[in-house]
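Protein chains: 2
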Amino acid sequence: MFVTNTPVPLTERDLTQDPEDCPVREVLDRVGDKWSVLVIVLLGQRAHRYGELHRAIDGISQRMLTLTLRALARDGLVERTAHATVPPRVDYELTDLGHTLLAPLTALDRWAQEHREEVRAARERHDRANG
Amino acid sequence: MFVTNTPVPLTERDLTQDPEDCPVREVLDRVGDKWSVLVIVLLGQRAHRYGELHRAIDGISQRMLTLTLRALARDGLVERTAHATVPPRVDYELTDLGHTLLAPLTALDRWAQEHREEVRAARERHDRANG
DNA sequence: CGGAATCCTGCGAGATACTG
DNA sequence: CAGTATCTCGCAGGATTCCG
């Protein structure tokens with residue numbers, strides 16, 4: 001499967017109307033927050049326990065991890081499996097749908113890596129020119 | 001140019017360390033906000049004047065439009081051209097760098113369109129099951 | 001271990017008014 | 001026309017504490 005870059009441009013009707021009714025924005029509303037991508041990518045590698053995620057993602061609070069996982073589960077991107085053991089054990093893994101999201105995210109990641117330096121340079125230039 | 005989906009998975013080192021030093025997050029910090037994508041996509045079609053953007057993007061305030069354009073210009077994605085005429089006229093257009101970002105955004109948009117219904121369904125299922 | 005419940009706070013962002 | 005300059009408020013999200 002491939003994704004071309006020139007065709008299928010985002011059409012004007014995708015966004016001019018109601019910003020709330022725009023496909024791209026819908027994804028970004030899910031995934032544009034501070035933690036979702038981190039969680040998705042980690043789960044893209046393998047299933048993780050709650051605590052594993054908590055330790056792997058530096059700086060996330062329990063609250064935000066829980067909320068993030070909930071939101072992702074609600075949208076069918078992540079599946080939660082609670083084992084009724086003592087002590088309890090809860091596994092999280094990407095659903096099939098969740099896995100399909102890895103490709104576009106990877107494309108974005110690739111862009112970031114390829115153009116990171118250009119952006120940094122542009123920013124320095126701008127900051128030097130202005131304040 | 002094509003982007004494969006399976007290879008080049010986001011590596012763990014991309015994100016486990018410092019969330020601030022993660023390529024994907026860097027892009028999302030630029031583009032994950034409420035308006036940047038709208039602006040980028042509009043400018044991807046053609047150059048726009050300030051007022052055109054303001055009218056095209058329903059609901060954006062002057063303040064946020066200005067801040068968004070500034071941030072994009074700072075990162076070298078958008079170029080601002082002020083014509084010293086009366087009345088003043090300012091054009092905004094994507095830079096070459098900005099244009100390269102359209103591809104990954106399009107990939108994301110495509111994902112959104114293809115899986116919109118699945119997400120909606122998952123959400124309804126979830127909401128029916130729980131609260 | 002995996003959360004839930006509160007409390008608290010900064011700042012993201014809207015509304016409004018003014019300016020070169 | 002293309003912006004600034006304030007003022008203000010909401011809520012995203014951190015810290016902390018408690019629970020099965």
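Protein chains in written order, with full-length UniProt numbering: chain E, 1 to 131; chain L, 1 to 131.
Note that CB positions come from ideal geometry on N, CA and C, so glycine has one too.
Owing to the predicted nature of the structure, the values given are computational and were not obtained by experimental measurement.
For chain E, find out if any of its Cβ atoms is closer than 8 Å to the Cβ of L:T100; answer yes or no.
Here the question's residue 100 of chain L lines up with position 100 in the second sequence. It does; some Cβ of chain E falls within 8 Å.
Using a Cβ cut-off of 9 Å, pull out every chain L residue sitting near E:R123, in sequence order please.
The residue labelled residue 123 of chain E in the question sits at position 123 within the first sequence. Within 9 Å Cβ-Cβ: R74, D75, G76.
Given E:Q45, which residues of its chain have a CB within under 8 Å of its CB, disregarding the five upstream and five downstream residues?
Residue numbering aside, residue 45 of chain E sits at position 45 when the first sequence is read from its first letter. There are no such residues.
Closer than 8 Å by C-beta to L:L77: which residues in its own chain qualify, once you throw out the five before and the five after it? Chain order, please.
For the purposes of this step, residue 77 of chain L is taken as the residue at position 77 of the second sequence. R30, I40, L94, T95, L97, G98, L101, listed in sequence order.
Buried or exposed: E:E117, going by 16 or more other Cβ atoms within 10 Å of its Cβ?
As a working mapping, residue 117 of chain E is identified with position 117 in the first sequence. Flag for E:E117 reads exposed.
So, using beta-carbon positions, are L:A107 and E:P104 closer together than 8 Å?
Taking the second sequence and counting its residues from 1, one reaches residue 107 of chain L at position 107. Taking the first sequence and counting its residues from 1, one reaches residue 104 of chain E at position 104. Cβ distance < 8 Å, so L:A107 and E:P104 count as in contact.
Check the Cβ-Cβ distances between L:H83 and every residue of chain E, and say whether any is below 8 Å.
What you label residue 83 of chain L is simply residue 83 of the second sequence in a count that begins at 1. So no, L:H83 is outside the interface.
Taking the C-alpha atoms as reference points, what is the distance between L:A71 and E:E124?
Here residue 71 of chain L refers to the residue found at position 71 of the second sequence. Here residue 124 of chain E refers to the residue found at position 124 of the first sequence. Straight-line Cα distance between these residues: approximately 13 Å.
What does L:A112 touch in chain E if you count any residue whose Cβ is under 8 Å from its own?
Working through the second sequence from its first residue, we reach residue 112 of chain L at position 112. Result: P23, V24, E26, V27.
Need the endpoints of the beta strand (DSSP E) that L:R80 sits in, please.
Locating residue 80 of chain L in the second sequence gives position 80, counting from the first residue. Taken as a continuous stretch (DSSP letters only), the beta strand (DSSP E) holding L:R80 covers 78-83.
What's the call for E:P88, buried or exposed, on a 16-neighbour Cβ count within 10 Å?
As a working note, residue 88 of chain E is residue 88 in the first sequence. By the 10 Å Cβ count, E:P88 comes out exposed.
Just the Cα atoms here: how many angstroms apart are E:V86 and E:L65?
The residue given as residue 86 of chain E occupies position 86 in the first sequence. The residue given as residue 65 of chain E occupies position 65 in the first sequence. Each residue's alpha carbon lies about 22 Å from the other.
Is it true that the CB of L:Y92 sits closer than 8 Å to the CB of L:L69?
Here the question's residue 69 of chain L lines up with position 69 in the second sequence. Here the question's residue 92 of chain L lines up with position 92 in the second sequence. Taking 8 Å as the Cβ cut-off, L:L69 and L:Y92 qualify as a contacting pair.
Do L:R25 and E:V37 have their C-beta atoms closer together than 8 Å?
Residue mapping note: residue 25 of chain L aligns to position 25 of the second sequence, counting from 1. Residue mapping note: residue 37 of chain E aligns to position 37 of the first sequence, counting from 1. Yes; because the gap between Cβ atoms is below 8 Å, this pair is in contact.
Excluding the five sequence neighbours on either side, which residues of its own chain have a C-beta within less than 7 Å of the C-beta of L:I60, listed in chain order?
Taking the first residue of the second sequence as position 1, residue 60 of chain L is located at position 60. Taken in chain order, the residues that qualify are W35, H54.
Beta-carbon of E:A107 versus every beta-carbon of chain L: anything under 8 Å?
What you label residue 107 of chain E is simply residue 107 of the first sequence in a count that begins at 1. Answer yes: the Cβ-Cβ gap between E:A107 and chain L drops below 8 Å somewhere.
Quick one, are the C-beta atoms of E:A122 and L:D33 less than 8 Å apart?
The residue given as residue 122 of chain E occupies position 122 in the first sequence. The residue given as residue 33 of chain L occupies position 33 in the second sequence. Contact flag unset, no.
Under three-state DSSP, which class holds E:V86?
The sequence position of residue 86 of chain E within the first sequence is 86, counting from 1. Three-state DSSP puts E:V86 in coil, outside helix and strand.
If contact means a Cβ-Cβ distance below 9 Å, which residues of the region 49-66 of chain L contact chain E?
So the list reads A56, I57, D58, G59, I60, given in the order they occur along the chain.
Helix, strand or coil: how does DSSP classify residue 192 of chain L here?
Only positions 1 to 131 of chain L appear in this structure, which leaves residue 192 of chain L out of reach.
Ends of the alpha helix (DSSP H) at L:W111?
Here residue 111 of chain L refers to the residue found at position 111 when the second sequence is read from its first residue. Note, L:W111: alpha helix (DSSP H), 96-129.
So L:V37 contacts chain E; which residues on that side make the cut at Cβ distance below 7 Å?
Counting from 1 along the second sequence, the entry for residue 37 of chain L is found at position 37. The answer, in chain order, is V24, R25, L28.
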